[in-house]
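Under the numbering used here, think of the first position of the sequence shown as 227, with each following residue one higher.
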Amino acid sequence: YDARIQAIGAANNLATLTNASITNLRKIEEFESNNSTDQALALLSFEVSQKQEKQKAATLLATNLETMAQVATTIGSGRLRGKAIEAITTGISMVSRIVSYNSSLDQLFAAIEQKIGSGAPPAGVNIRALIASINSDAQAINDLNATFNKTLKEFDNS
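This is the structure in structure tokens:
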């Protein structure tokens, strides 16, 4: 029970942090489009610093999902066990998406940093595509969080 409560808290925290990033990424994209690269880099530096908070939430979520998985095997009802496994799988998907999100965020930071230094991003790097990828991951994290909470509520009400 404690692992489930902590997992819900970690998943919600991860979604909240990601939502804040979406707003900042829109601003970064706007700054970058207007060649305000110093402002883009400053806001991106903040986002990179927040990456650790997202990573902590993802680690806490993963730890609690592991505990939930161990307990799920002891659930007698096939229907309830299925709901538990669905929630665990959704949580694992959230952790996977935060890894992708963080990787893209690192690439974006490096690209904007290089653009400031040399006037152009690294060859083959599309800053707008990176921002779109990060936004896609952020939306997926939010959607997965909603599914995770809904599934656990269904589990509780069964």
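Idealized CB from N, CA, C, for every residue including glycine.
Helix, strand or coil for residue i? Go by DSSP, reduced to three states.
i              : result
glycine 308    : helix
threonine 299  : coil
serine 262     : coil
alanine 236    : helix
valine 325     : helix
serine 384     : coil
glycine 317    : helix
glycine 345    : coil
asparagine 371 : helix
asparagine 352 : coil
Using 9 Å as the threshold, is the C-beta distance between residue i and residue j below it?
i              : j                 : result
valine 351     : alanine 364       : no
alanine 229    : asparagine 290    : yes
glutamate 255  : lysine 309        : no
leucine 267    : phenylalanine 374 : no
alanine 246    : serine 319        : no
alanine 283    : alanine 236       : yes
isoleucine 324 : glutamine 281     : yes
isoleucine 248 : leucine 378       : no
glutamine 265  : phenylalanine 257 : yes
leucine 243    : glutamate 292     : no
asparagine 328 : lysine 277        : yes
Could you round the C-beta distance between residue i and residue j to whole angstroms and report it? I think they count as a contact, below 8 Å.
i              : j             : result
arginine 305   : serine 384    : 7 Å
leucine 370    : glutamine 333 : About 22 Å separates the two Cβ atoms, so there is no contact after all.
lysine 376     : threonine 263 : Not quite, the Cβ-Cβ distance comes to about 41 Å (not below 8 Å), so this is no contact.
asparagine 368 : alanine 241   : 5 Å
Of all the CB atoms in chain C, is at least one closer than 9 Å to the CB of residue i?
i           : result
alanine 246 : As a matter of chain content, chain C is missing from the structure shown, which is built from one protein chain.
**Study point:** Continuous alpha helix (DSSP H) assignments of at least 4 residues falling wholly in the region 249 to 293
**Key:** Annotation note: the region 249 to 293 contains no uninterrupted alpha helix (DSSP H) run of length 4 or greater.
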